[in-house]
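**Student:** One structure, pasted below without further comment.
Protein chains: 2
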Amino acid sequence: MRSDWLESFLVFSDTLNFTRAAEELHISQPALHVKISKLSEYVGKPLYHKSGRNLLLTAEGQQLQAFARDQSEQAASFLQILRNGSAVQDVCLSAGEGTFLYLLGDAISAFMSRSSHKLRIRTGTQSDVVKDVLSGEAHVGITPLDSVNESLACRPYSEVGQMLVMPAAHPLASKRKVGLKSLNGERLIVPSENRPHRILINRLLMDLKVDWNVSVEVDSWELMLNFVKHGMGLAIVNEYCQIPDELVAKPLPEFPVIQFQLIKRRHASDRWAVNELEAALIEHKDHWKNERKKCQ
Amino acid sequence: MRSDWLESFLVFSDTLNFTRAAEELHISQPALHVKISKLSEYVGKPLYHKSGRNLLLTAEGQQLQAFARDQSEQAASFLQILRNGSAVQDVCLSAGEGTFLYLLGDAISAFMSRSSHKLRIRTGTQSDVVKDVLSGEAHVGITPLDSVNESLACRPYSEVGQMLVMPAAHPLASKRKVGLKSLNGERLIVPSENRPHRILINRLLMDLKVDWNVSVEVDSWELMLNFVKHGMGLAIVNEYCQIPDELVAKPLPEFPVIQFQLIKRRHASDRWAVNELEAALIEHKDHWKNERKKCQ
DNA sequence: GATTGGCTATAATTCAGAACTATCGTTTAA
DNA sequence: TTAAACGATAGTTCTGAATTATAGCCAATC
Chain A
15 MRSDWLESFL
25 VFSDTLNFTR
35 AAEELHISQP
45 ALHVKISKLS
55 EYVGKPLYHK
65 SGRNLLLTAE
75 GQQLQAFARD
85 QSEQAASFLQ
95 ILRNGSAVQD
105 VCLSAGEGTF
115 LYLLGDAISA
125 FMSRSSHKLR
135 IRTGTQSDVV
145 KDVLSGEAHV
155 GITPLDSVNE
165 SLACRPYSEV
175 GQMLVMPAAH
185 PLASKRKVGL
195 KSLNGERLIV
205 PSENRPHRIL
215 INRLLMDLKV
225 DWNVSVEVDS
235 WELMLNFVKH
245 GMGLAIVNEY
255 CQIPDELVAK
265 PLPEFPVIQF
275 QLIKRRHASD
285 RWAVNELEAA
295 LIEHKDHWKN
305 ERKKCQ
Chain B
15 MRSDWLESFL
25 VFSDTLNFTR
35 AAEELHISQP
45 ALHVKISKLS
55 EYVGKPLYHK
65 SGRNLLLTAE
75 GQQLQAFARD
85 QSEQAASFLQ
95 ILRNGSAVQD
105 VCLSAGEGTF
115 LYLLGDAISA
125 FMSRSSHKLR
135 IRTGTQSDVV
145 KDVLSGEAHV
155 GITPLDSVNE
165 SLACRPYSEV
175 GQMLVMPAAH
185 PLASKRKVGL
195 KSLNGERLIV
205 PSENRPHRIL
215 INRLLMDLKV
225 DWNVSVEVDS
235 WELMLNFVKH
245 GMGLAIVNEY
255 CQIPDELVAK
265 PLPEFPVIQF
275 QLIKRRHASD
285 RWAVNELEAA
295 LIEHKDHWKN
305 ERKKCQ
């Protein structure tokens, strides 16, 4: 497999536009087209197909994109090591905003202090994280998963329960535990439709025939807590959130525990720096629980 | 970096002979020569130098050889996965004979049963193992080390003490512990000169001014025990050896404990199968100690 | 529904550079 | 001293990669 094919494909797969990719590569559009054709013929699979006016990568094309990225990163850092004696590698970690804020803080500072490599961060929804990892853009992802994916390698990371947050003055604030039934008639601050957390809330409350309504739709734990503070309703948030003083949080035992997973691309070859990042993450995987104990 | 350069260099670096490597690659000798020159110019370092009539790889050449091997293995297994949906990868483990016999048995059978990949084995002396790993021929090595090497990544594997083995009828056999002083006047079965174990024996007994002499020089624990059985002398062997019924083994507290290390090439990118092998090895690293307890 | 713009795909042509042949220089063994 | 084996370099040939030109396809626009 010729490396210039891979190089060209990597650029092409970013834009999915032969004309512009060719410009970027300083070759003509037909030249690029031929390279991609040869590559496709060599691997024996179509790498893209047309969807109306524009192009889309096939599954094989996506895998090839990730592979090409890996190879080029490896080559780059090997060359640096050979020429300078050492290399600053790039590692990319993808996760949700809340995950970074509350779950990964210690792991990240551990990695930064012990390793000389450069950490790149990507934040996004659960499906963004999966995309990042599958495309090779991120080397590691931390996220809950609700479906299994053949080409992901998962490893249980940390288990996080849910709790109900309300102003200290709220009637439920005096109880020890809160059943979902008691949410009857309440206004809730929830994530927007089709986000996993919202779907779960919908389903659970629907099953229990709880009558509730939406107060605000917002997609960040921080903002949800902020709106609770302003008396706009109650919120169901991850157990790892730091609760402001004016508010009260009560565990919701009926809510299923969320399994965060450390995900990588299966069959990927990890560079040294990636292993270091993974080690730091695993080492601190349940560290947030200690933090909470100390606070209480 | 053009991949055909790497491919050619991989073949060349095996034989260090342009003429024969060129034949193998089905190109002319000058063509190969130009490729290697271009590669060398690209990385900015000489890859080999002349030593009299024949050629030798430089340090950079060796690193490049290992890198080229990695890349080609990765490409091969990626292509298999893309085309067939799955790949049988090759993993190579290098260690001493005794290490395989007594230390790695469980780890290897665990790997064989849980993984579908192909395990290749190389046996050799300590320095062979290091060479195998540095050249990329072996992905993992298990061996004691007596010098640190910048381009090796080491990880403590298992600690093994030493014991003195003798026929049941020997006067020392009735003691509980044996001091090195009591070896005065004995005939010993030892490894050949310049093997690390022999060097250690020489040094320690020399320091204590113990008067001893060589009975047999032989380089396998199995054979050493066999010669002890035939009454040819005593032997100092690793604690992990299985002692035949007719013989008696006594611990030698004065002998330093040997630290076995799991070694890999630093900065190497491990394929999936290599991680699996490493996990299996680590999981069973001290398993031989349980085995021994059961026996006693 | 004809027309235009933006893009992919293919064919024909040109040109760069890879491989070949020939040959010289070096090293060692006969 | 000579011959054999092998690496290095120069000059020549020729393969195959890049270019230009252009046909073909799809969707948006009037």
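From first to last, the protein sequence lines are chains A and B. Read in order, the letters of the first sequence are residues 15 to 310 in the numbering used here. Read in order, the letters of the second sequence are residues 15 to 310 in the numbering used here. Virtual Cβ for every residue (Gly too), placed ideally from N, Cα, C.
1) Bridge partners for A:Pro265 per DSSP, in chain order?
2) Return no unless some Cβ of chain B is closer than 9 Å to the Cβ of A:Trp286.
3) Let me see if you follow: with CB-CB separation under 9 Å, is B:Ile95 close to chain A or not?
4) Can you tell which of A:Ile122, A:Ala282, A:Leu159, A:Thr33 has its C-alpha closest to the C-alpha of A:Phe274?
5) Whether or not the stretch 152–171 of chain B and the stretch 95–103 of chain B are in contact is what I'm after, with contact meaning three or more pairs of Cβ atoms, one per stretch, closer than 8 Å; do they touch?
6) For B:Asn163, would you say it is in contact with chain A, using Cβ-to-Cβ distances shorter than 9 Å as the test?
7) Between which two residues does the beta strand (DSSP E) holding B:His63 run?
8) Any beta carbon from chain B within less than 9 Å of A:Leu78's own beta carbon?
9) Who are the neighbours of B:Arg169 on chain A, taking C-beta pairs under 7 Å?
10) Let's test the definition: count the other Cβ atoms within 10 Å of the Cβ of B:Asp146 and tell me whether it reaches 16, buried, or not, exposed.
11) Can at least three beta-carbon pairs, one atom from the stretch 194–213 of chain A and one from the stretch 16–30 of chain B, be found at a separation below 8 Å?
12) Are the Cβ atoms of A:Ser108 and A:Asp142 separated by less than 9 Å?
13) Under 9 Å, CB to CB, which of the residues in the stretch 49–76 of chain A have a partner in chain B?
14) Work out the CA separation of B:Pro258 and B:Asn216 for me, nearest whole Å.
15) Taking Cβ positions only, does A:Asp18 come closer than 9 Å to chain B?
16) Using the three-state DSSP reduction, which class does A:Gly150 fall into: helix, strand or coil?
17) Could you tell me whether the Cβ of B:Gln85 comes closer than 9 Å to any Cβ of chain A?
18) Quick check on DSSP: helix, strand or coil for A:Tyr254?
19) Provide the residue span of the alpha helix (DSSP H) that contains B:Val271, from first to last.
20) How close, in whole Å, do the beta carbons of A:Ser129 and A:Glu292 come, if the pair is a contact with beta carbons under 8 Å?
21) Smallest Cα separation from A:Lys59: which of A:Glu74, A:Val154, A:Met126, A:Arg67?
22) On the criterion of 16 or more Cβ atoms from any shown chain inside 10 Å, does A:Lys132 qualify as buried, or is it exposed?
23) Report the rounded CA-to-CA distance for B:Thr139 versus B:Gly112, giving the unit in angstroms.
24) My assumption, with CB atoms under 8 Å, is that A:Leu202 sits in contact with A:Trp235. Please give the rounded CB distance.
25) Cα-Cα, which of B:Val232, B:His298, B:Lys303 is closest to B:Ala124?
26) Determine, using beta carbons only, whether A:Phe23 and A:Leu78 come nearer to each other than 9 Å.
27) Taking the alpha carbon of A:Met180 as the reference point, which residue from A:Ile272, A:Ala89, A:His40, A:His244 has its own alpha carbon closest?
28) Give the list of continuous alpha helix (DSSP H) stretches no shorter than 4 residues that lie fully inside the stretch 102–139 of chain A.
29) Per the contact definition of three or more C-beta pairs closer than 8 Å, is the stretch 49–59 of chain A in contact with the stretch 248–262 of chain A?
30) Can you tell which of A:Val288, A:Leu248, A:Ala294 has the C-alpha that lies nearest to the C-alpha of A:Gln103?
31) Among the candidates B:Ser206, B:Lys264, B:Ile213, B:Leu46, whose CA atom is the shortest distance from the CA of B:Val192?
32) Just tell me which of A:Tyr62, A:His184, A:Val204, A:Ala45 has its CA closest to the CA of A:Glu231.
33) Within this structure, are the beta carbons of A:Phe81 and B:Phe92 separated by less than 9 Å?
34) What are the boundary residues of the alpha helix (DSSP H) that includes A:Ser22?
35) Checking contacts by CB at 9 Å: is A:Ala282 closer than that to chain B?
36) Looking at B:Leu276 and B:Leu295, is the spacing between their C-beta atoms short of 9 Å?
**Tutor:** Let me lay it out:
1) Residue mapping note: residue 265 of chain A aligns to position 251 of the first sequence, counting from 1. DSSP output for A:Pro265 lists A:Met177 as bridge partner(s).
2) Taking the first sequence and counting its residues from 1, one reaches residue 286 of chain A at position 272. Answer yes: the Cβ-Cβ gap between A:Trp286 and chain B drops below 9 Å somewhere.
3) Position 81 of the second sequence, counted from the first residue, corresponds to residue 95 of chain B. Output row for B:Ile95: interface = yes.
4) Residue numbering aside, residue 274 of chain A sits at position 260 when the first sequence is read from its first letter. Minimum Cα distance to A:Phe274 is reached at A:Leu159.
5) No: the two stretches stay apart, fewer than three of their Cβ pairs being nearer than 8 Å.
6) Along the second sequence, one-based indexing puts residue 163 of chain B at 149. B:Asn163 does not count as touching chain A.
7) Working through the second sequence from its first residue, we reach residue 63 of chain B at position 49. Per DSSP, the unbroken beta strand (DSSP E) holding B:His63 starts and ends at 62–65.
8) Translated into positions along the first sequence, residue 78 of chain A becomes position 64. Yes - at least one Cβ of chain B is within 9 Å of the one on A:Leu78.
9) Locating residue 169 of chain B in the second sequence gives position 155, where the first residue counts as 1. Under the 7 Å cutoff, chain A gives no residues; its nearest Cβ is about 11 Å from B:Arg169.
10) Residue numbering aside, residue 146 of chain B sits at position 132 when the second sequence is read from its first letter. Burial call: buried.
11) Proximity of the stretch 194–213 of chain A to the stretch 16–30 of chain B falls short of the contact definition, fewer than three beta-carbon pairs being nearer than 8 Å.
12) In the first sequence, residue 108 of chain A corresponds to position 94, counting from 1. In the first sequence, residue 142 of chain A corresponds to position 128, counting from 1. Cβ atoms of A:Ser108 and A:Asp142: closer than 9 Å.
13) Under the 9 Å Cβ criterion, the stretch 49–76 of chain A contributes Tyr56, Val57, Gly58, Lys59, Glu74.
14) If you number the second sequence from 1, residue 216 of chain B lands on position 202. If you number the second sequence from 1, residue 258 of chain B lands on position 244. About 26 Å.
15) On the first sequence, position 4 is the one that residue 18 of chain A refers to. So, interface residue.
16) Reading the first sequence from its first residue, position 136 is the one you call residue 150 of chain A. Here A:Gly150 sits in coil by DSSP.
17) Walking along the second sequence from the start, residue 85 of chain B turns up at place 71. When Cβ-Cβ separations below 9 Å define contact, B:Gln85 makes contact with chain A.
18) By one-based count along the first sequence, residue 254 of chain A stands at place 240. In this structure, A:Tyr254 counts as coil in the three-state DSSP scheme.
19) Here residue 271 of chain B refers to the residue found at position 257 of the second sequence. Unbroken run through B:Val271: none, as it is neither H nor E.
20) Here residue 129 of chain A is taken as the residue at index 115 of the first sequence, counted from 1. Here residue 292 of chain A is taken as the residue at index 278 of the first sequence, counted from 1. Contact between A:Ser129 and A:Glu292 does not hold, since their C-beta atoms are separated by about 11 Å, which reaches or exceeds 8 Å.
21) Translated into the one-based positions of the first sequence, residue 59 of chain A becomes position 45. Just measuring C-alpha positions, the residue of A:Glu74, A:Val154, A:Met126, A:Arg67 sitting nearest A:Lys59 is A:Glu74.
22) Working through the first sequence from its first residue, we reach residue 132 of chain A at position 118. Flag for A:Lys132 reads exposed.
23) Numbered from 1 along the second sequence, position 125 holds the residue referred to as residue 139 of chain B. Numbered from 1 along the second sequence, position 98 holds the residue referred to as residue 112 of chain B. About 10 Å.
24) Position 188 of the first sequence, counted from the first residue, corresponds to residue 202 of chain A. Position 221 of the first sequence, counted from the first residue, corresponds to residue 235 of chain A. Contact check for A:Leu202 and A:Trp235: beta-carbon distance about 14 Å, past the 8 Å limit, so the pair fails to qualify.
25) As a position in the second sequence, residue 124 of chain B is number 110, starting the count at 1. Taking only the C-alpha atoms, the option nearest B:Ala124 is B:His298.
26) Counted from its first residue, the first sequence places residue 23 of chain A at position 9. Counted from its first residue, the first sequence places residue 78 of chain A at position 64. It is a contact, given that the beta carbons lie within the stated cut-off.
27) Taking the first sequence and counting its residues from 1, one reaches residue 180 of chain A at position 166. It is A:His244 whose Cα lies nearest to the Cα of A:Met180.
28) Runs of the alpha helix (DSSP H) lying entirely within the stretch 102–139 of chain A, each at least 4 residues long, are 119–128 in chain order.
29) Look at the beta carbons and you see the stretch 248–262 of chain A not touching the stretch 49–59 of chain A: under three pairs across the two are nearer than 8 Å.
30) Stepping through the first sequence from its first residue, residue 103 of chain A is reached at position 89. Restricting attention to A:Val288, A:Leu248, A:Ala294, the CA atom closest to the CA of A:Gln103 is found in A:Val288.
31) Counting from 1 along the second sequence, the entry for residue 192 of chain B is found at position 178. The residue with the shortest Cα to Cα distance from B:Val192 is B:Lys264.
32) Position 217 of the first sequence, counted from the start, is the residue given in the question as residue 231 of chain A. Measuring from the Cα of A:Glu231, the nearest candidate turns out to be A:Val204.
33) Within the first sequence, the letter at position 67 stands for residue 81 of chain A. Within the second sequence, the letter at position 78 stands for residue 92 of chain B. With respect to B:Phe92, A:Phe81 sits close: the two C-beta atoms are nearer than 9 Å.
34) Indexing the first sequence from 1 puts residue 22 of chain A at position 8. From DSSP, the alpha helix (DSSP H) with A:Ser22 extends over 17–29.
35) Sequence index remark: in the first sequence, residue 282 of chain A carries index 268 (1-based). Taking 9 Å as the CB threshold, A:Ala282 lines the interface with chain B.
36) Translated into positions along the second sequence, residue 295 of chain B becomes position 281. Translated into positions along the second sequence, residue 276 of chain B becomes position 262. In contact: B:Leu295 and B:Leu276 (Cβ atoms closer than 9 Å).
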